[in-house]
Ligand SMILES: Cc1cc2nc3c(=O)[nH]c(=O)nc-3n(C[C@H](O)[C@H](O)[C@H](O)COP(=O)(O)OP(=O)(O)OC[C@H]3O[C@@H](n4cnc5c(N)ncnc54)[C@H](O)[C@@H]3O)c2cc1C
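Numbering (the numbering used here), first residue to last: 43 to 439.
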């Protein structure tokens, strides 16, 4: 089965006709040949997907939707989203690293000065250099803006950072770290280069999800950075968190669609191959129900995620709602498809050698990363009620 799905093609062609066929078919071939064969080893041996990320950068696919003047292919965000989905289906460890890297690029693109964009964005888009988004702290994830303990202090023409971050993706691999810290009690954003004195990394965590993708603690001990390395204005952190996270949520939702699709594809193979009572599993109605459930979940998750990608590119004011919706819906779909697939594969699905169980494990990062379901649901409800306040419509009709 092709990594470039009919469901993706239908959405993209409805907007762009066949304009991006060659690029997306080329991506499919690359994913099939280069990414998919590496996925099992990356997961089992916890190998960093750095080599895959380098290859994606060489082909211009790692961050393909930024302006050409920074070296990007300037593809529509929807086309980039389709590429990320293919990569994520083949190898979620590569997909999550690419998605977080894209969040960093979005931040630079949104708030960077031209000098910062020339210096950092161009490298992140073209040269295989990677970025990390450093928000979560040991004492706070969800409530980070309120409870942030990492501080920044002005010292002449520098800022000095102190504190710790945790569960940060791509640490060590990245050359650029986008760090949130409180300056005079307001969150601001800072760019810290790898090798900057005073920034140290912990040992990579031993995770059960996206095992290849590196996740670490970070420590800032009088880490001195030049004043021009503030990203956006002083006190811009709260707005920056929300805007970058919303962009990032579309990336994580895309990762989830890819993972859900992987569970569905492997289940389709298995139900045809596995024979019970002389009949293939696919002939049993309760198994057919699982395939139907997974198919609808994948297609719906993709539709809402791609709708969010379109809204993001158009700066549509519906985007914030869609970003939260797609991340919640698609991550739950990835989890449910992972479970259905494990039920279908039964004992074989419990075996590491089946290479099926990892999709359920990988679904977990999409549930937690860039906002838990509890927070997304609260945000969706708040945004919807606010929208209703502005335009209540008829009460009875
Ligand atoms: C593999 C992986 C990679 C990650 N990569 C990054 C990264 O690159 N950068 C980064 O900054 N972070 C990263 N994270 C961290 C992630 O964003 C946080 O784990 C997430 O935001 C949740 O924070 P927490 O784990 O501290 O949970 P907590 O905030 O402690 O929440 C615990 C539970 O309480 C619930 N809860 C919290 N507040 C409320 C509330 N007000 N109402 C109802 N329920 C609530 C939560 O939904 C959750 O179920 C990563 C995490 C993982 C697992």
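Note that the Cβ used here is the ideal one computed from N, Cα and C, for glycine as well.
Taking one beta carbon from each stretch, the region 317-325 and the region 346-359 have fewer than 3 pairs nearer than 8 Å; the two do not touch. Taking a cut-off of 8 Å for Cβ pairs, the region 130-143 and the region 82-97 touch, as three or more such pairs fall below it. With a threshold of 7 Å, the Cβ atom of residue 416 counts as near ligand 1, since some heavy atom of the ligand is closer than that. Setting aside the 5 residues that flank it on each side, residue 400 is surrounded in the same chain by 85, each with a C-beta closer than 6 Å to its C-beta; the list follows chain order. Your pair residue 233 and residue 153 does not check out as a contact, with CB atoms roughly 10 Å apart and the cut at 8 Å. The alpha carbon of residue 240 has as its nearest neighbour, out of 227, 231, 206, the alpha carbon of 206. Classified as exposed, residue 357 has fewer than 16 neighbouring CB atoms from the shown chains inside 10 Å of its CB. Using a 10 angstroms sphere on the CB of residue 253, the tally of other CB atoms reaches 16 or more, which defines it as buried.
In the displayed model, residue 211 falls within a strand according to three-state DSSP.
For residue 362, the enclosing alpha helix (DSSP H) covers residues 361-392. A straight line joining the alpha-carbon of residue 225 with that of residue 386 spans about 53 Å.
Within the same chain, and ignoring the five residues on either side of residue 366 in sequence, the residues whose Cβ sits closer than 6 Å to its Cβ are 418, 421, 422. Residue range 257-268 is occupied by the beta strand (DSSP E) that includes residue 268. Within the model, the alpha-carbon separation for residue 236 versus residue 219 is close to 7 Å. Residues 159, 163, 164, 167 of the same chain have their beta carbon placed closer than 7 Å to that of residue 112, with the five preceding and five following residues left out of the count. If you ignore the 5 residues before and after residue 247, its C-beta comes within less than 6 Å of the C-beta of 257, all in its own chain and listed in chain order. DSSP, read as helix, strand or coil, puts residue 323 in helix. According to the DSSP assignment, residue 105 belongs to no alpha helix (DSSP H), since it is labelled neither H nor E.
Straight-line measurement puts the Cα of residue 238 at about 41 Å from the Cα of residue 62.
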